[in-house]
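Everything on this sheet refers to the single structure shown next.
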Amino acid sequence: MSDSNDMTGRNATQSRRRFLALGSATAATALAGCSGILSGGDGGDGGSDGEAGTTTGQQISLSDFRGSGPLVAQREAPGGTSIEDLPDLSGELTLYLGGGEGGLYLDLINLLEQRYPDFTANHRLEASSDLANTIIEENEAGASPADVFMSIDAGSLGAVANADATASLPDEALSTVPDAYQDSEGRWVGIAGRARAIPYNTNQISESDIPSTVQEFPEAAALENSMGWAPSYGAFQSFVTAMRLIRGDDETMSWLQAMQDHGITTYDDEFRVSNSCADGELAAGFANHYYTLRVQSARENSPIGLAFTEGDAGALVNVSGLEIINGTDNADLASNFVRHVLSAEAQEFFATRTFAYPMIPGVAPVGDLPRIDELNPPEINLTELADVAGTVDLLRDAGVL
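The sequence shown begins at 16 in the numbering used here and counts up by one.
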């Protein structure tokens, strides 16, 4: 049993459902900059003559990695391995960067390039599924020019891994991440998590109006004709894929049809779903957790709360992750890059700039979010989320797409 499952078991006797009413109680004090990478740094030119932390580039402090605003205030220094304790990044890395969050992740890569003047990450930014197919085709033809694939979803990582197009990841990176958020064979590892959740308008409904499982939503009277979803969105399709894995295609089809009969409204993306909940246009919706946090960060007193279901597809925790591509000539640099993305600073970046769940225990999520081991996701192999094509077919057959 994995470390993650052990933590789940310890808390099984208590309710794992958490609600966030993110309002004026959140402190508004911004974080002051730190002089060192974590704490106690002297703000000098980059440290010792040792193998690790010998940077001669721009001094980058924790405040450069950390976001700002009311949800980030009063945070303690993150735990985990600091980049100061890792070997310098040096050389050129070809990075395939997949998904809509990729632009945000480029900010992290830019910070690493600033810190390490001898390091360059040449990136190709496209949809995760498109890049996964490209890597598979390139691997079948001989070798991909990519050294590392960074994807916003585990399904794309799993597709590449299942095509035998990946190399082994370093044990030093795998050991820092719970087993539930990495491939069982060490072919990919999660770097940031996102939980399926229910944003809701706190002026229209209360916590008790929101069911504990998604299967109950079509029968929730308080939510009739007042919910929203974004079925063309990749995160929603991963959620439906998880439902298919857990309950089968027939029951998933029935649920999709029941939600339409219940009067659900379709949106282009889940940020709009969450904003519509804050506006009072919707009572509740289906969305990744961090969209509610983005609404709250921009609109501090908006009447929006966040609920988590329990133990079903609606409680899915998916991950963005990394894998090293077969045939790379930069295996050592790629491995070191993976370790940097799982460093305390990089994980603080994901937590405070993207509002994702950090993957290492030493870094807390923002605001009042429960820690990732306090959630109650379904027991599912994230690699199996690769069957998105079957989900799209099902959504079309259900009249959702």
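Glycine is no exception: its CB is placed at the ideal position from the N, C-alpha and C atoms. The structure presented is a predicted model; accordingly, all values stated were derived computationally and were not measured.
Bridge partner(s) assigned by DSSP for residue i
| i | result |
| --- | --- |
| Gln89 | Partner(s): none; Gln89 has no beta bridge. |
| Leu110 | His138 and Val163 |
| Ala299 | Tyr215 and Met242 |
| Val332 | Ala210 |
| Gly205 | Gly336 |
| Tyr372 | Gly208 |
| Ile279 | Met242 |
| Thr181 | Ile340 |
| Gln197 | Val204 |
For residue j and residue i, believed in contact at Cβ under 8 angstroms, the rounded distance
| i | j | result |
| --- | --- | --- |
| Ser291 | Tyr282 | 7 angstroms |
| Leu113 | Ser166 | The question names Leu, but residue 113 in the sequence shown is Gly. Yes, they are in contact, since the Cβ atoms of Gly113 and Ser166 sit about 4 angstroms apart, within 8 angstroms. |
| Gly300 | Gly208 | About 20 angstroms separates the two Cβ atoms, so there is no contact after all. |
| Leu308 | Val381 | 6 angstroms |
| Asp8 | Ala245 | This structure cannot settle anything about residue 8, because the visible part of the chain is limited to 16 through 416. |
| Ile150 | Phe164 | 6 angstroms |
| Val175 | Thr406 | In fact, because the Cβ distance is near 18 angstroms, the residues do not count as touching under 8 angstroms. |
| Leu77 | Arg368 | About 12 angstroms separates the two Cβ atoms, so there is no contact after all. |
| Ala359 | Gly94 | 6 angstroms |
| Glu128 | Ser227 | Not a contact, Cβ separation roughly 45 angstroms. |
Option nearest residue i by Cα separation, candidates the options
| i | options | result |
| --- | --- | --- |
| Glu239 | Tyr111, Ala371, Gly336 and Gln219 | Gln219 |
| Phe352 | Tyr372, Ser199 and Asp162 | Asp162 |
| Asn333 | Ser78, Gly205, Leu126 and Ala92 | Gly205 |
| Ala257 | Leu409, Leu77 and Ile75 | Leu409 |
| Gly295 | Ala313, Pro318, Gln311 and Ala273 | Pro318 |
| Ala212 | Glu200, Arg139, Ile150 and Phe286 | Phe286 |
| Ser241 | Gly278, Gln73 and Phe232 | Gly278 |
| Ile98 | Ala361, Glu399, Asp383 and Tyr372 | Ala361 |
| Asn303 | Phe323, Ile75, Met374 and Ser312 | Phe323 |
| Met274 | Gln230, Val356 and Ala313 | Gln230 |
| Ser105 | Ala245, Ala136, Gln272 and Pro376 | Ala136 |
| Leu101 | Phe370, Leu348 and Met374 | Leu348 |
| Thr181 | Ala195, Ala245, Ala158 and Thr280 | Ala158 |
| Ser350 | Thr109, Pro85, Gln74 and Arg81 | Thr109 |
| Arg314 | Ile75, Leu86 and Tyr372 | Leu86 |
| Gly170 | Tyr131, Leu331 and Asp383 | Leu331 |
| Val415 | Asp264, Gln272, Asn216 and Leu77 | Gln272 |
| Ala142 | Glu128, Asp168, Asp122 and Leu121 | Asp168 |
| Arg259 | Gly95, Leu121, Pro393 and Ile75 | Pro393 |
| Arg262 | Val403, Asp383 and Asp327 | Asp327 |
| Tyr186 | Asn396, Val378, Leu397 and Gly201 | Note that residue 186 corresponds to Asp in the displayed sequence, not to Tyr. Asp186 has its Cα closest to that of Gly201, out of Asn396, Val378, Leu397 and Gly201. |
| Ser269 | Gln129, Gly342 and Pro233 | Pro233 |
| Asp434 | Ile375, Tyr131 and Asn148 | As shown, the chain starts at 16 and ends at 416. That puts residue 434 outside it, with no answer to give. |
| His138 | Tyr131, Asn125, Pro132 and Tyr248 | Asn125 |
| Asp344 | Ala92, Arg81, Leu384 and Glu107 | Glu107 |
| Glu152 | Gln89, Ala178, Arg130 and Val356 | Ala178 |
| Val192 | Leu140, Ala147, Leu146 and Val378 | Val378 |
| Tyr111 | Gln89, Leu172, Gly95 and Ala88 | Leu172 |
| Arg386 | Thr398, Ala188, Phe370 and Tyr215 | Phe370 |
| Gly84 | Glu389, Asp103 and Ala366 | Ala366 |
| Leu357 | Gly249, Asp264, Leu123 and Asn148 | Leu123 |
| Ala298 | Thr217, Tyr372, Asn148 and Ala210 | Thr217 |
Local Cβ density within 10 Å of residue i, reported as buried at 16 or more and exposed below that
| i | result |
| --- | --- |
| Asp412 | exposed |
| Ala401 | buried |
| Glu363 | buried |
| Asn391 | buried |
| Asp198 | buried |
| Gln311 | buried |
| Asn316 | exposed |
| Gln252 | buried |
| Glu155 | exposed |
| Ser144 | buried |
| Glu338 | buried |
| Gly336 | buried |
| Asp57 | Its pLDDT being 30, under 50, Asp57 is placed unreliably by the model, and nothing is read from it. |
| Ser417 | Nothing can be reported for residue 417, as the shown portion of the chain is limited to 16 through 416. |
| Ala14 | In the structure as shown, the chain begins at 16 and stops at 416. Residue 14 is therefore absent and cannot be evaluated. |
| Ser223 | exposed |
| Ala293 | buried |
| Asn396 | exposed |
| Ala236 | exposed |
| Ser289 | buried |
| Asp103 | buried |
| Thr398 | buried |
Residue i beta carbon near the ligand PLP (any heavy atom closer than 8 angstroms)
| i | result |
| --- | --- |
| Asn333 | As far as ligands go, the structure on display features none, and thus does not contain the ligand PLP. |
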